[in-house]
Amino acid sequence: MEKMILMTEEQADRVKGKYGSYSALEPIQVVEGFALPVDIIDNVVFASVKELLESCPQVEVTLIEPPEIIE
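Residue numbers (my numbering): 1166 to 1236.
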């Protein structure tokens, strides 16, 4: 488990996309919803969504493991 910013699908859709020429946010699906790393909150590139990100809980999330392929 890893501590991340936890969002609903609607919130994830609102922050998803390009920011400037070289940065983008792409929330990942986790067991509890959608998530982004906590450390992006302080990145000035994402200042336009900082308030939304700060309003979301920062919790331990469970990453979705890809299924094991048995050959």
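By construction, the Cβ of each residue, glycine as well, lies at the ideal position given by its N, Cα and C atoms.
| Check | Outcome |
| --- | --- |
| Give the secondary structure of residue 1193 by DSSP, where H, G and I count as helix, E and B as strand, and everything else as coil. | strand |
| Based on DSSP bridge pairs, tell me the residues matched to residue 1187. | Per DSSP, none; premise fails for residue 1187. |
| Would a C-beta distance cut-off of 8 Å place residue 1176 and residue 1228 closer than the cut-off? | no |
| Based on Cα-Cα distance, which residue from 1200, 1208, 1213, 1188 lies nearest to residue 1170? | 1200 |
| Tell me the DSSP bridge mates of residue 1200? | 1171, 1193 |
| How would you write the range of the alpha helix (DSSP H) that residue 1219 sits in, first residue to last? | 1215-1220 |
| Return the chain-ordered list of same chain residues with a C-beta closer than 7 Å to the C-beta of residue 1168, the five sequence neighbours on each side being excluded. | 1203, 1223, 1224, 1225 |
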